[in-house]
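Numbering (this note's numbering), first residue to last: 63 to 1017. Below is one structure, written out as structure tokens, with a few remarks after it.
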Amino acid sequence: MPSLLERDAHIDRLDHLLAECLGRAGRVALVDGPLGSGKSELLRVFAARAAERGVLVVGAGCSAQERDLPFGIADRIARSPGWPAGHAERLAALADPAVLADPADSAGGTALDGTALTGTAFNNTGAAGDPAGPPSPALLRACRDLTTALLAAAADTPVLLCVEDIGHADEASLHFLRHLVRHLPQSRVLLVLTDGSTPWPARRRLHAELLRHPHAHRLALAPLSRAGALRLVTEGLGEEDARHRGPGLVDVAGGNPLLLHALVDEHLDRADEPEPRYGPALLSCLHRAGPGVLRVVQAQAVLGEEAPAEDVARLLGERESADAVARIRATLTAAGLLDGEGRLRTAAARAAVLEDLAPHERTELRLRAAQLAHETGSPAAEVARHLVEAGRAPAPWAVAALTEAAEHALLDHRHRTAVACLRLAHKEAAEESDRAVLRHRLAQAEWQLNPSAAARHLVPLTAAVRAGHLGLAEALVLVRYLLWHGRSEEALAVLDLLRARTRPASPAETGALRDVETWLAYTHPGLARGRRVPALPADLRHTVAPDVDPQLRAAAALAGALTRGRAAEAVDRAQQVLHDAHLHGRTPWAEEAALLALRVLLEAGRADTAAVWSQRLLGTAARREIPTATALYSAAHAEAALRLGEPTRAAEHSRAALTHLSPTAWGIAVGLPLGTLIVAESRTGEHRSAAKHLTHAVGEAMFQSLYGLHYLFARGEHYLATRHGHAALADFLSCGELLRTWGLDGAGVVPWRTQAADAWLRLDNRDRAWRLIHEQLSRADADLPHNRGPALRLLAAAGPAGRRGPLLTEAVDLTEASGDRYEQVRVLTDLSRVHQGAGNKRRARLLLRQALHMANMCALRPLAQELLSVSADLGESGPAADEVREPGGAGTLTESERRVASLAVLGYTNREIAGRLYVTASTVEQHLTRVYRKLGVRRRKDLPADLRASLRKTG
């Protein structure tokens, strides 16, 4: 890679000055430019060219660390190798700092430090300041003698004297360089000095003093142009790589050659982000600029990139003024280290600057920044940011600021920020009651990220409830968390304590406790038996309790409706809860209310509506990056998809739910996604995977809740799908026993009778199956399509052959209305067999084709395999018969044509279709003719199987 770009003019200028020097016309060149602009590299390249011409190259570099060493640079110049024999020893002797300690000056108080010799004060940026008084006689003699000896050495051999970063030179050495500059004409010495472009007045005066001589010249370096920077990247990476990465690297480097080289080198070493090497390169520039510059950048990084210069100066105390900060920013912007707005260009740059601070320095700077933010009335979030970064909050106002910032973060759904604030506030709070409340808020925030993380708070929170440090609302939330983690005994103990403390005359307390008991009776019925809330006095029973969480009240109302088997009556309330869910994201009962609202829709036969709402809630939770809510709504959406006969989508969302939260984090609620996944995989034929999920360890506490019932029912479905009839029957009957024990048999939580009847039929016990089906059909919710359809299918299977056709025909209508495609496939399959047994093979084939098409569409592989075997009995050619190309597509059909075509697909004759639709047979024939033409088919058997319309009876 070429070392220099856009520096040819500077090399030519230095070559010209060297040529004059060789002609005994000594010259001075001051090369200045922003940090990292390539001054050292320019000097290195030019020195190599000069050496090739027989010039003696002598170099010395200044550093801020050696600024207090008197005559340090002069001594380094004098002791450089290469001086002609006979001159080296004399130069070294004359540059020894000891020559400055002339005994004659002892009475004047001179010493070996540059301040005593010259009266120099160093400003806080690390730049040499102005002399406060004239140099001492000893220093003047030393400068004169050393200059004379150096020029004498150059008389024999031309000398290129290079001194880098003169802004960091000690004052005694600067006096020597000033003296040398005045005596350079008619010598063979070319003195090249480098320094940064500086905003400091003292440094600017030094430059002016050096350049006032006619033989002194200034060479200014600028950052690389964009074209030059792109060329450097191209030469380093190659054209192909540079075309993709070059513009981004140039933007990050800001035309600074040092930074750009670091980025290119990093990219060559690693193909990913180049920032790891960018930080050290930036720090190298800032350290060379001096501690004052670095402090300003560090202060800015602490306060934030938008911090005004006045705030940065205030943070640094008396060290810097606002004007000095502004000048430093301007200098760094010119160097490309800051962008046009005066900000560090990347997050890696900011991190590198902060990491360069010692831990205790970083902490103190953060605490000072928090103090300043508090004193100036900055938002609590700004104050808390500095306190959290410091990891300490010692000020008396700090805990309040952290708590306020956490509440704002929770409102904005920034739970991780809230957790960080609350952790520190809890650690620093002095009062035990305050610590208990803060721990409760912390547990709530952590719960939204991972319930497992919140579990560590349960024991101390329980102790806080016993000690009276937490109120009723907080204690009830604790009950929910304890139950989630299967700690039912502890939850019941807390409830008993709350019941004993509840004042019967308090509507708020009694109302909240009553709501939790109502919720408990549906969601954890095994723990709610025999538990009663103290009754309100008669004069308070209709009093509104404004302090009760409205989401807890909504959850209780929905749970009560479900417990009583009145889901259909609660649909409007459920939809209102779901509509307002986004307004209550901070309340701990919001998700519980939303999940119960979705349960109401499912039990009311509104699975399609539940799917829409759960998808909407899932999207909101995902956008807000709330893992727990995302997992819960993924599981709810999976169940809705399963109710709609879409096992593939159900399995996908169940797996997502178990990814957003680990099975351990799910607690006893893992039965919900796990059960849905087991059923979904059983229906798609993934029996081995479903069986593997059954090996997941679940605690006994789960079976005291609806989550355990859901899991038990799912296990029975898996056993049924894998032909383990007795095991399936045992699980379904266990579900029924649990529901009767809990008093929820009328709630219709799971259709255990229908599935148990299916198991009895597979075990060839029609009598038992028939009794269970009649029990199911006599229930209050038997008329709901999703309950009645499967029951009629099984009743047809258990009853006499002559009744099967009408029962299954009605079941077709019901399953169509419920939207359950899985059940539709099963009903159509049974109806096809009925027509096959009656000798009506044409209608049987058409029904079979529709069932096979739907089974393939829903990935119901076991059912599809079963249908293929039936298809062979009917003489179908294979699955290809299920697919028909449609030039126009079903979308071109009118509603009347679609109704006629749908019935034709099911095998009805023209006369039968006419009777169902109350039209003439001629009208049916005309509609079918148009349908054939639009769909590009020739006959009825070629109609697509997915032509479906409402097949409800019209008379």
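Quick reminder that beta carbons are idealized off the backbone N, C-alpha and C, glycines included.
Given this structure, state the Cα-to-Cα distance separating residue i from residue j, to the nearest angstrom.
i           : j            : result
residue 406 : residue 297  : 26 Å
residue 785 : residue 831  : 17 Å
residue 657 : residue 695  : 8 Å
residue 520 : residue 529  : 14 Å
residue 427 : residue 279  : 43 Å
residue 548 : residue 706  : 31 Å
residue 229 : residue 144  : 26 Å
residue 793 : residue 474  : 45 Å
residue 883 : residue 491  : 58 Å
residue 971 : residue 867  : 16 Å
residue 771 : residue 760  : 12 Å
residue 486 : residue 322  : 40 Å
residue 89  : residue 373  : 45 Å
residue 581 : residue 621  : 5 Å
residue 926 : residue 736  : 25 Å
residue 717 : residue 780  : 17 Å
residue 864 : residue 641  : 49 Å
residue 403 : residue 724  : 45 Å
residue 236 : residue 354  : 21 Å
residue 295 : residue 326  : 7 Å
residue 652 : residue 472  : 14 Å
residue 806 : residue 796  : 13 Å
residue 915 : residue 314  : 57 Å
residue 930 : residue 894  : 13 Å
residue 887 : residue 690  : 35 Å
residue 960 : residue 1000 : 17 Å
residue 869 : residue 513  : 48 Å
Return the bridge partner residues of residue i from the DSSP annotation.
i           : result
residue 400 : 406
residue 90  : 253, 278
residue 222 : 119, 252
residue 95  : 258
Around the C-beta of residue i, are 16 or more other C-beta atoms found within 10 angstroms, so that it is buried, or is it exposed?
i           : result
residue 829 : exposed
residue 586 : buried
residue 377 : buried
residue 189 : Reliability of the predicted coordinates at residue 189 is poor, the pLDDT of 43 falling under 50, and no value is obtained from them.
residue 577 : buried
residue 308 : buried
residue 422 : exposed
residue 838 : buried
residue 82  : exposed
residue 822 : buried
residue 989 : buried
residue 85  : exposed
residue 460 : buried
Could you name the residues of the same chain whose beta carbon sits closer than 7 Å to that of residue i, not counting the 5 residues immediately before and after it, in chain order?
i           : result
residue 108 : 73, 76
residue 923 : 746, 747
residue 680 : 692, 695, 696, 699
residue 334 : Its pLDDT being 49, under 50, residue 334 is placed unreliably in this model, and the value from its coordinates should be taken loosely. Answer for residue 334: no residue qualifies.
residue 682 : 644
residue 668 : 633
residue 811 : 768, 771, 801
residue 986 : 962, 972, 975, 976
Return the chain-ordered list of same chain residues with a C-beta closer than 6 Å to the C-beta of residue i, the five sequence neighbours on each side being excluded.
i           : result
residue 97  : 258, 347, 351, 397
residue 804 : 587
residue 242 : 209
residue 118 : 144, 219, 221
residue 128 : 134
For residue i, which residues in the same chain have their Cβ closer than 8 Å to its Cβ, ignoring the five residues on either side in sequence?
i           : result
residue 835 : 815, 816, 819, 853, 856, 857, 860
residue 412 : 363, 367, 406
residue 538 : 560, 574, 575, 578, 614
_Check whether the segment 99-108 and the segment 195-205 touch, using three or more Cβ-Cβ pairs below 8 Å as the test._
Below 8 Å, too few C-beta pairs join the segment 99-108 and the segment 195-205 to call them touching: fewer than three.
- Message: Is it the case that the segment 644-651 contacts the segment 619-632, given that we only count it when at least three CB pairs across the two stretches are under 8 Å?
- Response: Contact fails: fewer than three Cβ-Cβ distances are below 8 Å.
State whether the segment 719-730 contacts the segment 533-547, with contact taken as three or more CB pairs (one from each stretch) at a distance under 8 Å.
Contact annotation: the segment 719-730 touches the segment 533-547, with at least three C-beta pairs closer than 8 Å.
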